[in-house]
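Residue numbers (full-length UniProt numbering): 1 to 143.
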């Protein structure tokens, strides 16, 4: 836990009532500046700086984040029209990995632009990047 990180503090604060869902590794909160009617953040309890700080071994964490994010969106009435992704450097506002789970439509054009390229990387694109990294690591070990 990083002492100054707000996302490290939330699950350890007995006064916090922001958590929507929680398990051993993750928790979900509503975004305090939602860009759509449904906008949740799935946050690992382990401090991970951002989406570029992940390792190939974190693929299962990404999959779990997706599963929980989609479940929360469904439970709150979202259609299948959703966006899942991360802000990428240098547009990261809080330096603790968090998956944006957004039930469309966006509230306005600014909200849409702040959750699209180059500011934002989709979960699928990030997962492909790390799957490729895993593949490269396996190839190196085989040669």
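Virtual Cβ for every residue (Gly too), placed ideally from N, Cα, C.
Cβ pair residue i, residue j closer than 8 Å
i: residue 69; j: residue 106; result: no
i: residue 76; j: residue 43; result: no
i: residue 116; j: residue 36; result: no
i: residue 55; j: residue 2; result: no
i: residue 66; j: residue 25; result: no
i: residue 121; j: residue 7; result: no
Endpoints, alpha helix (DSSP H) assigned at residue i
i: residue 62; result: 59 to 75
i: residue 94; result: First-last for residue 94: undefined, no H or E at that position.
Residue i, DSSP secondary structure in three states
i: residue 101; result: strand
i: residue 78; result: coil
i: residue 126; result: helix
i: residue 106; result: strand
i: residue 141; result: helix
i: residue 15; result: coil
Those residues which DSSP pairs with residue i across a bridge
i: residue 27; result: 22, 43
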